[in-house]
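Q: Residue numbering for the sequence shown follows the UniProt record's numbering, beginning at 1 and increasing consecutively. Cβ coordinates follow ideal geometry from the N, Cα and C atoms, glycine included. The structure follows.
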Amino acid sequence: MELIIEQERASEFEAVEELIRQAFAGEELSDQTEHQLVKRLRNSKAYVTELSLTAKRSDDEVLGHILLTKAWIIDGENSCETLALAPVSVSPEHQGQGIGSALINASLKRAKQLGFSSVIVLGHPAYYPKFGFEPANRWNIRAPFDVPEEAFMAIELVPGALANVSGVVHYADEFSS
Ligand SMILES: CC(C)(COP(=O)(O)OP(=O)(O)OC[C@H]1O[C@@H](n2cnc3c(N)ncnc32)[C@H](O)[C@@H]1OP(=O)(O)O)[C@@H](O)C(=O)NCCC(=O)NCCS
Numbered sequence: 001m002e003l004i005i006e007q008e009r010a011s012e013f014e015a016v017e018e019l020i021r022q023a024f025a026g027e028e029l030s031d032q033t034e035h036q037l038v039k040r041l042r043n044s045k046a047y048v049t050e051l052s053l054t055a056k057r058s059d060d061e062v063l064g065h066i067l068l069t070k071a072w073i074i075d076g077e078n079s080c081e082t083l084a085l086a087p088v089s090v091s092p093e094h095q096g097q098g099i100g101s102a103l104i105n106a107s108l109k110r111a112k113q114l115g116f117s118s119v120i121v122l123g124h125p126a127y128y129p130k131f132g133f134e135p136a137n138r139w140n141i142r143a144p145f146d147v148p149e150e151a152f153m154a155i156e157l158v159p160g161a162l163a164n165v166s167g168v169v170h171y172a173d174e175f176s177s
């Protein structure tokens, strides 16, 4: 059945949170609070309504979700707006069917259409390069916390968008509250 990717509806908030909780339940590197993070981010100044997306095959079951929120690459006085991809979740019974990939590709396309020029992600170095992500240290863009260098990645949605950008990524405050 065809996969439908669309903006998350307010009526789906609780179902999406439950999906996120289930997706991360078995993840060793997770603190199992990603669903609460998404709830906080929906009320953040970093939230972009059009970039909270669900994947469905029918109207009544959300199979996947992705969220991109505004972040800032800061170097002294210079601040460059970017997007942080986090989290992406697929229901455990539906993983490995291409839903996560479809959500990532759709979110990058929509972000570009909305005028954003780059996205950063902290994630598995074997997963994100297939979407075009490269280690962020290529641009001297750094995470605000200790992380293996190859796991902190960025992608230019507009070629050359990061050419003159470097610094430390500042996530929305809701990530740390
Ligand atoms: C990570 C996740 C979103 C991927 O979604 P998915 O629909 O299962 O992924 P897809 O079917 O599109 O892609 C599967 C491919 O990704 C790989 N893959 C899936 N999860 C991976 C992971 N955590 N690390 C590395 N590779 C992974 C698979 O091996 C497969 O590779 P292939 O295409 O070369 O065969 C999903 O597994 C999930 O919700 N995991 C729990 C939450 C999580 O860890 N989220 C990511 C951090 S924010």
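Hey, is the segment 124–131 in contact with the segment 55–65, meaning 3+ C-beta pairs nearer than 8 Å?
A: Output reads no: the segment 55–65 does not touch the segment 124–131.
Q: Where does E2 sit, in a helix, a strand or coil, going by DSSP?
A: Note: E2 maps to coil in three-state DSSP.
Q: Three or more beta-carbon pairs under 8 Å between the segment 110–126 and the segment 157–168, yes or no?
A: Cβ pair count under 8 Å is three or more, so yes.
Q: In chain order, what residues place their C-beta within less than 6 Å of a heavy atom belonging to ligand 2?
A: As for ligand 2, it is missing from this structure, which binds only ligand 1.
Q: Exposed or buried, what is E34 when buried is set at 16 or more other beta-carbons lying within 10 Å of its beta-carbon?
A: E34 should be labelled buried.
Q: Would you list the one or two residues that DSSP bridges to V62?
A: BP columns for V62 point to K56.
Q: Beta carbon of I155, beta carbon of L108: below 8 Å?
A: Yes, they are a contact pair.
Q: Within 10 angstroms of the Cβ of F145, are there 16 or more other Cβ atoms? Answer buried if so, exposed if not.
A: It counts as exposed.
Q: As an exercise, report each continuous beta strand (DSSP E) stretch of at least 3 residues that is fully enclosed by the UniProt domain "N-acetyltransferase" (3–158), in chain order.
A: Counting whole runs of 3 or more residues, the UniProt domain "N-acetyltransferase" (3–158) contains the beta strand (DSSP E) stretches 4–7, 47–58, 61–75, 78–90, 118–122, 152–156.
Q: Are at least three pairs of beta-carbons, each pair with one atom in the segment 68–83 and one in the segment 18–29, less than 8 Å apart?
A: Judged by Cβ distances under 8 Å, the segment 68–83 makes no contact with the segment 18–29, as fewer than three pairs qualify.
Q: When you compare the CB positions of H65 and V16, do they come within less than 8 Å of one another, or not?
A: Result yes, Cβ atoms of H65 and V16 sit closer than 8 Å.
Q: Around the Cβ of E8, are there at least 16 other Cβ atoms within 10 angstroms (buried) or fewer (exposed)?
A: Buried.
Q: For the beta strand (DSSP E) containing G167, list its first residue and its last residue.
A: Its beta strand (DSSP E) spans residues 167–170.
Q: Alpha carbon to alpha carbon, how far is G96 from Q113?
A: G96 and Q113: Cα-Cα distance of roughly 27 Å.
Q: Let me check understanding here. Comparing Cα to Cα, which of A106, T82, S11, L63 lies closest to P92?
A: Ranking the options by Cα distance to P92, first place goes to L63.
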